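Taking the working numbering, the leading residue of the sequence shown gets 79, the next gets one more, and so forth. C-beta atoms are modelled at their ideal positions from N, C-alpha and C, and glycine is treated no differently. Being a predicted model, the structure only gives us computed values, none of them experimental. Inspection log for the structure reproduced underneath, given as structure tokens.
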Amino acid sequence: MEDIKQYIESGILELYVLDHLTSQEKREVERYAAIYPEIKQELNEISQTMDLFADYNAIEPRESLRETVINQLISNSSVKNNPFAEDNSKIIPLKTVTQTPFYKYAFAASVALLLVSSIALINTYTQLNSIKQQLVSLQVQNKDLKPEF
Numbered sequence: 079m080e081d082i083k084q085y086i087e088s089g090i091l092e093l094y095v096l097d098h099l100t101s102q103e104k105r106e107v108e109r110y111a112a113i114y115p116e117i118k119q120e121l122n123e124i125s126q127t128m129d130l131f132a133d134y135n136a137i138e139p140r141e142s143l144r145e146t147v148i149n150q151l152i153s154n155s156s157v158k159n160n161p162f163a164e165d166n167s168k169i170i171p172l173k174t175v176t177q178t179p180f181y182k183y184a185f186a187a188s189v190a191l192l193l194v195s196s197i198a199l200i201n202t203y204t205q206l207n208s209i210k211q212q213l214v215s216l217q218v219q220n221k222d223l224k225p226e227f
């Protein structure tokens, strides 16, 4: 009983009602609804709630809009039904835009980043070597000064 409650609370039933599930998930929900009456009842309640929500938030179109749409449908159907009507519309060819694929830019950016990081690495390596040499010379000087104390 606890598993059914968790399944109901998981949100999968809402996704089923909204038709946002894969076909395998839909079959699973339908199978569970056939087995468990609690799930079937919850599906019905969710569906009714969604219908009420849609009805509550529905916007009625203006009456003038209805007439405009009907007139356009009538005028479009009369033009389509007359095969001998002159077609004065000008056909403009679409320009095909050649887009450079993203991977070319990504490859160029990665090569540039590789070069910059290689230069930075070489620079850091040379600085490290010079610091090591300075350290060695300071250690030698320190040994020379140590016997005096």
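Query: Which runs of the alpha helix (DSSP H) at least 4 residues long sit entirely within the segment 99-184? Give them in chain order.; Result: 101-113, 115-134, 141-159
Query: In the DSSP assignment, the alpha helix (DSSP H) including L96 goes from what residue to what residue?; Result: Looking at the DSSP string, L96 is not in any alpha helix (DSSP H), and its letter there is neither H nor E.
Query: Take every Cβ of the segment 131-151, pair it with every Cβ of the segment 92-100, and state whether three or more of those distances are shorter than 8 angstroms.; Result: no
Query: Mapping DSSP to helix, strand and coil, what is S195?; Result: helix
Query: How many Å lie between Y183 and S196 at the Cα?; Result: 20 angstroms
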